[in-house]
Structure formats: C-alpha cells, structure tokens
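Following: one structure in structure tokens, then a few remarks.
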C-alpha cells in the first residue's frame with residue numbers, strides 16, 4: 001500500500017478541511033523553510049532523512065509532475081493538487097475531485 005491509499009480513510013476521519021490541513025502539514029515538513037517551497041534540494045534531503053533511496057531523476061519527475069507555474073519547485077497549492085491527482089480514489093470519475101478544497105480551481109486538476 002502506498003500512502004495515498006490511506007487518503008479516503010483520512011478524509012472520513014478528519015473531514016475535508018482536516019485532511020487539507022494534514023496535506024499542508026506534510027508540505028511544511030518537505031519544504032525549504034527559507035523559500036517556502038518544496039525544491040529539489042529539500043525533497044532530496046527529506047528523502048534521505050526518511051531513509052528513502054530515490055534517484056535524482058525520480059525526484060525531478062516528481063517536481064515536474066506537480067509544477068504548474070514552471071518555477072521548478074512546488075508551492076503549497078501545487079503540492080495539494082498533486083496529492084489529489086496521484087490518488088485516483090479521491091476522484092469521482094477519474095476527472096472530477098470528490099473532496100476539492102473550495103478555493104482550488106478545478107481546471108488545475
């Protein structure tokens with residue numbers, strides 16, 4: 001099981017707002033504190049701290065998949081959107097999110 005497999009349970013336990021809050025907490029743990037973004041360097045460092053062996057090209061792919069504004073890093077909104085996109089069980093029909101935060105443009109999904 002991957003961590004995103006737990007998302008539906010987390011939503012049913014925490015509610016949609018609580019779940020988004022937990023995603024934001026996760027973002028805070030992974031971000032570069034000085035830049036307020038998840039950068040390649042912060043992601044690589046945190047993977048090492050967690051004992052995960054992830055190749056540089058895999059880290060870059062993760063960042064590119066979620067990077068909507070092309071700056072090479074993930075801001076909090078991009079991170080949350082990415083978490084929804086990688087968890088198909090959170091989508092009604094694979095296209096429309098079930099638990100979309102109110103201030104997120106569905107076109108970004």
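Residue numbers (full-length UniProt numbering): 1 to 109. The C-beta atom is built at its ideal place from N, Cα and C for all residues, glycine as well.
Measure the alpha-carbon distance for residue i versus residue j and round it to whole angstroms.
i	j	result
residue 43	residue 56	10 angstroms
residue 39	residue 68	14 angstroms
residue 13	residue 27	20 angstroms
residue 10	residue 74	23 angstroms
residue 37	residue 17	22 angstroms
residue 66	residue 58	13 angstroms
residue 72	residue 7	26 angstroms
residue 29	residue 20	14 angstroms
residue 50	residue 15	27 angstroms
residue 110	residue 86	One cannot answer for residue 110 here, as it falls past the ends of the chain, which runs 1 to 109.
residue 70	residue 46	22 angstroms
residue 60	residue 81	17 angstroms
Under the assumption that residue i contacts residue j (Cβ atoms under 8 angstroms), give the Cβ distance between them as a whole number of angstroms.
i	j	result
residue 83	residue 23	5 angstroms
Quick one: using the 10 Å Cβ neighbour count with 16 as the cut-off for buried, is residue i buried or exposed?
i	result
residue 31	buried
residue 48	exposed
residue 78	buried
residue 109	Because the pLDDT at residue 109 is just 43, under 50, the model does not fix this residue reliably, and the value given afterwards should be weighed accordingly. So residue 109 counts as exposed.
Sequence ranges, alpha helix (DSSP H) only - wholly within the UniProt domain "EF-hand" (35-85), length at least 4: Qualifying alpha helix (DSSP H) stretches, in chain order: 40-49, 56-66 and 76-85.
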